[in-house]
Amino acid sequence: MTLAVATTTSLYRRLLGLMALAMTLLGALLLLQANHSAHQGANRAYDRLLDAASRVLVEQVSWQAGQLRFDVPASALEMLAPGGDERVFYTLVDADGEPISGNVELPPLPADTSASLPGDRDDRFHATTVQWHGMILRLGARQARLAGWQRHDRFSIRVAHTMEARNALAGQLLQGSMLRLGGMALLMLALVTGAVGMALAPLRRLRQALRQRNPDDLSPIALPVPRELRELVGALNDLLARQRRLKAHQQRFIGDASHQLRTPLAGLSSRAELALRSREPEQWHSALVAMQRSATNAARLAGQLLSMSRLQSPDAPTEREAIELRALARASVRQALDRYPGSEIDLGVEACDAPVTVHGSRWQLEEALANLIDNAMHHARHRVTVRVTAQPSRLTVEDDGPGIPSEQRHEVLKPFHGARHSGSGLGLAIVAGICEAHDGQLELHDSEPPPGLSATMRLGAAAESRETAS
Amino acid sequence: MMKLPGMHSWLLLLLLLLLLAGGAQAVDSPRQPAVEPALTLAGHADGPSLVVQGVLDPDIMQTLLSAFHRRHPTMTIRYIDVSGRPNRVPDKSLQDFQPDLVLSSAMPWQYLHANNGNAMSLGAQTLPTDWPDASRWRNELVGLTAEPLVIVYRREYARRFGIPRSHTALLRQLRQHRDALQGRVVTYDPARSDTGFTYLAEDARQSPQIWSLVAALGEAHTSLTDSTSDMLEGLISGRYLIGYNLIGSYASRAARRHSELKVQRPADYALVMQRLALIPTGAPHPGNARLLLQFLTGRKGQQLIARQTPLGALHPAVATTGDMHTTAGITRFIRPGPGLLALVDPLKRRSLLARWQQAFDADSRTDSGSDPTTSEDSTAP
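Those protein sequence lines, which keep their order, are chains Y and V. Just so we're aligned, residue 1 is where the first sequence starts under the UniProt record's numbering, counting upward by one. Just so we're aligned, residue 1 is where the second sequence starts under the UniProt record's numbering, counting upward by one.
Structure representation (structure tokens):
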């Protein structure tokens, strides 16, 4: 029970947890994507600035009076520091990549940087992020030619700045995305909580219906349930149906049993009444003899009822052990001889030479054999034989009584059949139940030679295989 | 392709310089190279140490450092005055004193160092939170003083030609009295002085009319020097009547001592330069440099700068008492920013100098102040 509690958590919580996990994963993915696009957006915005600054710088390069002029405009450099705090670098290089001027010697763009600004047909400006002297820089390069009449040399301008403004913008963009995402997550959580609650409503209704049910009410559950619960409700209804049948069976059994007990008790009562009316001791004596027989029958019946209920009770101890059938048969015969002193019937055992061992409940097998022997002793004329055979393990009790017609043999196995009388009508039913408990079966045949009844307890393969294995 | 050997060696020099954090200094006043510290404030022998490198006059530095030394008496403070050293060539004689703090008025070069990653962070709590944005960059550069560029003239100049209240007035007076002013005007030589070059570039950013003023200066055969001290010397001696673009701090001090000198901040726009401080990446004691910066940018330090030195304070609480903010609309702070990089670009420098030379020499070819480094440009038509 405790194990079941530990593993069975709340379905509601489980659903919510799984959905929260899925949402967290999705949220993390969205955040990653948002971070990426925020940086992309910031780069796009500020690459335009690098582009513009490089354009302005390029325009200031000219060839005048036999000299290269480069009138670096302060405003272009200011433009490179949009946040005011960026470090700013620029280099003017000639066609061979040799630096001509600038505040540092910026490296060329990596060879694989071919992506120009999106939507820009001008492919002479490229920008990329590089690591340079321990700093992370956004580096842009623009190719150009000297404008003028005398010279048309190629040159390029490299501009770079540190990433503070870009990171700040990316941070702002990301913060906006995170706020939106957080709001959506809260909304989703509320919706999911409500949805899970609604989806689990049928389960709650079923629980309430079961809880409010009268303990005597074994009628089927008639509640509209979703498909997933239909199987559960079907299993519950099956269980209830079995309970109903069992209850009916038990009620019938109790009725039969009380009826059976009433007969000998009524007989006792009437005999005693008759004897009390008489004044003769002979009458008393014969009444007492009859009363003793009736009382014995009643006691036997009560004993059999007890056996029956023990057999049917699920709480009955079923300790199994190895039992040697020949010894069991001999002991039972000895006890039967004690029960029938002075009987003229010849009671004996026929057993094979090798020991026959089965795995089973000792008291049950003793009870079954005693019942069969009693039954045979009641009906036999001269002879009752208990036979033990191996493979399959069998206990057979044979008598030379009238036997049972084959069409009635099925009936006599039911409790209180009342056909073959003087017995309680329980004996064979108990034996059949014990055989079933040992995975076996009670078989009724004619004796060889007839007339007579041969009752064979065939003990099951499970009980036997245990034996052979050990 | 392009044959530009000159440009290439410029760049090489520049790159060499980047390796040496403390190399670039402005030429404020020509002095004999000083290998020994100009100033040593002794502390305990095993106490902390601080080496400051700058181009300020040692007596001004003394005022500031003594006040700081009183707070940290165990610290040994040395001040290396690199005034007058060639600013783009690494000086081997300075290797013995690796500076913890470099102070300089050569803003483009200081900015270049910081921009190229040769400066350390100034520390989280060093600057006051309300320190003006125009005087800091990236928490690596900080402007400590605000010093306007001024016109200095002798009293007789005002009597004869009127008060040069603005750039326009100065231009008019120069044109009207060209003959009387021959050789009596002085200003920076942008070719020889980085400071002068910076001022010229900033003037040119303000208005293209500056070229008219340069032409007028050329016509008056203006003398060209490479330091404010030289200009003041000539003004005091009476050799010059008027000087253009002098550093306000030095001029005010001189005017207090010599009553014949008058200081005028141009009324149309006044450039204000800052002395920028940075902690070079190789600084052996950056923590002590931060302490000094904290002191200098604090209220006490700024009051000291405003009251006991000719320098101008920047701290908002202190600076309101000065004249800086009464003329806030016309003040043009030279801010530490990427625009300054243009001023250290060798090609830009050459083209701006060529332009200057062209304007300055427009009238006559016999100018004595022309510089050999720019002579090749002057052959251009």
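Glycine included, C-beta positions come from ideal geometry on N, C-alpha and C.
For V/Trp137, the pairing in a beta bridge is given by DSSP as V/Leu141. Close to chain V, meaning a Cβ-Cβ distance shorter than 7 angstroms, is no residue of the UniProt domain "HAMP" (197–248) of chain Y at all. In this structure Y/Glu321 touches Y/Arg362 by the C-beta definition: roughly 6 angstroms separates them, less than 8 angstroms. Taken in chain order, the complete beta strand (DSSP E) segments of 3 residues or longer contained in the region 332–394 of chain Y are 346–351, 357–360, 383–389. Between the C-alpha atoms of V/Ala106 and V/Ile334 there is a straight-line separation of about 11 angstroms. The count of Cβ pairs closer than 8 angstroms, one atom from the region 281–293 of chain V and one from the region 230–239 of chain V, stays below three, leaving the stretches out of contact. C-alpha of Y/Leu26 to C-alpha of Y/Leu210: approximately 39 angstroms in a straight line. In the displayed model, V/His72 falls within coil according to three-state DSSP, outside both helix and strand.
In the displayed model, Y/Ser62 falls within a strand according to three-state DSSP.
It is roughly 12 angstroms from the alpha-carbon of Y/Glu366 to the alpha-carbon of Y/Cys435. In the structure shown, the three-state DSSP call for Y/Trp149 is coil.
At a beta-carbon threshold of 9 angstroms, the residues of chain Y lying near V/Trp137 are Gly84, Asp85, ordered along the chain. For V/Lys348, the chain Y residues whose C-beta falls within less than 7 angstroms of its own C-beta are Phe70, Asp71, Val72, listed in chain order. The C-alpha of Y/Val196 is placed about 17 angstroms away from the C-alpha of Y/Arg207. Following the DSSP letters along the chain, one finds V/Ser104 in no alpha helix (DSSP H) but inside the beta strand (DSSP E) bounded by residues 101–104.
Around the C-beta of V/Lys348, 16 or more other C-beta atoms lie within 10 Å, and the residue is accordingly described as buried.
Within its own chain, the residues whose Cβ lies closer than 6 angstroms to the Cβ of Y/Tyr90, once the five positions on either side in sequence are excluded, are Gly102, Val159, listed in chain order. Counting only unbroken stretches of 4 or more residues, the alpha helix (DSSP H) elements lying wholly within the UniProt domain "HAMP" (197–248) of chain Y are 201–211, in sequence order.
In the assembly as shown, Y/Asp374 is a buried residue. Its beta-carbon has 16 or more other beta-carbons within 10 Å.
Taking 7 angstroms as the CB threshold, V/Pro338 lines the interface with chain Y. Proximity to V/Glu156 across V/Thr281, V/Ile236, V/Ala204 peaks at V/Ile236, based on C-alpha coordinates. Using a CB distance cut-off of 7 angstroms, Y/Asn35 does not count as an interface residue toward chain V. Only residues of its own chain outside the window of five on either side were considered, and among them Leu217, Thr222, Leu224, Gly243, Tyr244, Asn245 have a CB closer than 7 angstroms to the CB of V/Thr187, listed in chain order. At a cut-off of 3 residues, the continuous stretches assigned as beta strand (DSSP E) that sit fully inside the region 34–115 of chain Y are 61–64, 67–70, 88–94, 99–102. Two segments are said to touch when three or more pairs of C-beta atoms, one from each, lie closer than 8 angstroms; by this definition the region 266–279 of chain V touches the region 136–146 of chain V. The straight-line gap separating the alpha-carbon atoms of Y/Leu453 and Y/Thr385 is approximately 11 angstroms. As computed with DSSP, Y/Ala141 is found in a beta bridge with Y/His126, Y/Arg158. With contacts defined by Cβ atoms closer than 7 angstroms, Y/Arg124 and Y/Arg151 do not form a contacting pair.
If the five residues before and after Y/Phe253 are omitted, its C-beta is found closer than 7 angstroms to the C-beta atoms of Pro415, all from its own chain and listed in chain order. Of the residues Y/Leu173, Y/Met79, Y/Glu86, the one whose Cα lies closest to the Cα of Y/Leu137 is Y/Glu86. Of all residues in the region 210–236 of chain V, none has a C-beta nearer than 7 angstroms to a C-beta of chain Y. In this structure, the beta-carbon distance from V/Leu311 to V/Ser249 falls below 7 angstroms. The alpha-carbon separation between Y/Leu50 and Y/Gly140 amounts to approximately 6 angstroms. Counting only residues of its own chain and dropping the five nearest sequence neighbours on each side, V/Leu112 has a CB closer than 6 angstroms to the CB of Val344. DSSP places V/Tyr188 inside the beta strand (DSSP E), whose first and last residues are 185–188.
Annotation: the continuous alpha helix (DSSP H) that includes V/Lys300 extends over 299–308.
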